[in-house]
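Asks: Residue numbers (the UniProt record's numbering): 1 to 257. Okay, handing you the structure first.
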């Protein structure tokens with residue numbers, strides 16, 4: 001049973017060919033684009049929350065035919081994979097005025113061959129052996145996490161009106177699909193550098209943030225790279241500001257918590 005979501009209306013008919021499956025995938029992505037522009041771009045909803053809300057609100061169809069339900073489940077799985085693993089591509093496509101069926105199929109082909117940046121594969125002569133997810137190796141209590149969030153809010157590190165503890169937990173746990181816009185890259189860099197100094201996180205934090213695409217640039221047009229974080233940290237160390245010292249003091253206090 002293919003599902004068309006154009007204009008907020010649902011038209012149901014049974015899947016009878018591969019083209020029906022492709023058309024439903026396109027309809028789902030068109031709806032995902034609409035929700036993205038409304039909720040994330042205009043409404044400032046966190047991207048990872050938008051993904052969860054979209055997938056959960058489109059998980060089921062009103063049909064008991066096994067073929068239809070299986071095809072829809074496959075499409076939802078593809079959409080979820082695209083939104084999470086290929087978020088950098090999705091954002092580019094979704095901000096274009098013309099999102100066509102052909103571009104939808106191009107995304108599908110990319111999804112079929114894409115290796116998520118949040119995983120690295122160790123290979124041997126017999127092929128891939130182990131997969132290591134990204135991690136900061138955090139060693140933080142709930143109270144310390146609250147303190148880090150309060151610091152981020154006090155110094156406006158991110159482009160959100162209020163950063164919630166759940167957002168900071170999502171960032172520091174490398175939650176799949178999570179990303180947040182940086183207000184000042186130097187201040188974010190000094191936050192992570194101070195966390196490292198107190199052994200709250202591991203030394204690879206720059207590469208983790210870059211590989212996972214967890215930080216968006218302030219203009220929302222790209223992602224913060226490891227080299228940008230390194231340069232920002234060096235620049236602030238050479239010319240410390242009152243904000244930089246304030247962030248350091250706030251994180252220093254967490255040692256006693």
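Every residue gets a Cβ at the ideal spot worked out from N, C-alpha and C, and that includes glycine.
Below 8 Å between beta carbons: does that hold for residue 218 and residue 181?
Replies: Result yes, Cβ atoms of residue 218 and residue 181 sit closer than 8 Å.
Asks: For residue 162, count the other beta carbons within 10 Å of its own beta carbon; 16 or more makes it buried, fewer makes it exposed. Which is it?
Replies: Residue 162 should be labelled exposed.
Asks: As an exercise, report each continuous beta strand (DSSP E) stretch of at least 3 residues that is fully enclosed by the stretch 9-95, in chain order.
Replies: List check, beta strand (DSSP E) in window: 11-13.
Asks: Need the endpoints of the alpha helix (DSSP H) that residue 207 sits in, please.
Replies: Per DSSP, residue 207 belongs to the alpha helix (DSSP H) from 205-211.
Asks: Three or more C-beta pairs closer than 8 Å, one from the stretch 247-254 and one from the stretch 190-210: is that the case here?
Replies: Flag = yes, the stretch 247-254 and the stretch 190-210 touch.
Asks: Hey, residue 179 and residue 213: beta-carbon distance below 8 Å or not?
Replies: A contact, by the Cβ cut-off of 8 Å.
Asks: So residue 93 and residue 107 are supposed to be a Cβ contact under 8 Å. How far apart are they, rounded?
Replies: About 6 Å; that satisfies the 8 Å criterion.
Asks: I need the straight-line Cα distance from residue 78 to residue 68, nearest angstrom please.
Replies: C-alpha separation (whole angstroms): 15 Å.
Asks: Quick check on this structure: which residue in 85, 41, 56 has the alpha carbon closest to the alpha carbon of residue 96?
Replies: It is 41 whose Cα lies nearest to the Cα of residue 96.
Asks: DSSP state of residue 101, grouped into three classes?
Replies: Helix.
Asks: Expressed to the nearest angstrom, what Euclidean distance is found between the alpha-carbon atoms of residue 146 and residue 31?
Replies: Their backbone Cα atoms lie some 35 Å apart in a straight line.
Asks: Spell out a yes or no on whether the stretch 219-229 and the stretch 164-173 are touching, meaning 3 or more CB-CB pairs, one atom from each, closer than 8 Å.
Replies: Contact between the stretch 219-229 and the stretch 164-173 is absent, because fewer than three Cβ pairs lie under 8 Å.
Asks: To the nearest angstrom, how far is the alpha carbon of residue 100 from that of residue 26?
Replies: Distance between the alpha carbons of residue 100 and residue 26: 8 Å.
Asks: Which term fits residue 137, buried or exposed, when burial requires 16 or more other beta carbons within 10 angstroms of its beta carbon?
Replies: Answer is exposed; the Cβ neighbour count stays below 16.
Asks: Which partner residues of residue 180 appear in the DSSP bridge assignment?
Replies: Partner(s): 215.
Asks: Assuming residue 104 and residue 209 make a contact with CB atoms under 8 Å, what is their CB distance in whole Å?
Replies: Actually they are not in contact, since the Cβ atoms of residue 104 and residue 209 sit about 30 Å apart, beyond 8 Å.
Asks: Could you check what DSSP says for residue 123 in three-state terms: helix, strand or coil?
Replies: Caution is warranted here: a pLDDT of 43 is assigned to residue 123, below 50, making its placement in the model unreliable, and the coordinate value is therefore given only provisionally. Looking at residue 123 - three-state DSSP - the assignment turns out to be strand.
Asks: Go ahead and label residue 57 buried or exposed: buried means 16 or more other beta carbons lie within 10 angstroms of its beta carbon, across all protein chains shown.
Replies: It is exposed - the Cβ of residue 57 has fewer than 16 other Cβ atoms within 10 Å.
Asks: Nearest to residue 110 by alpha carbon, out of 98, 134, 133, 85?
Replies: Cα-wise, what sits closest to residue 110 is 85.
Asks: DSSP on residue 158, reduced to helix/strand/coil?
Replies: Residue 158: strand per DSSP, three-state reduction.
Asks: For residue 192, which three-state DSSP category applies?
Replies: Residue state, collapsed to three classes: helix.
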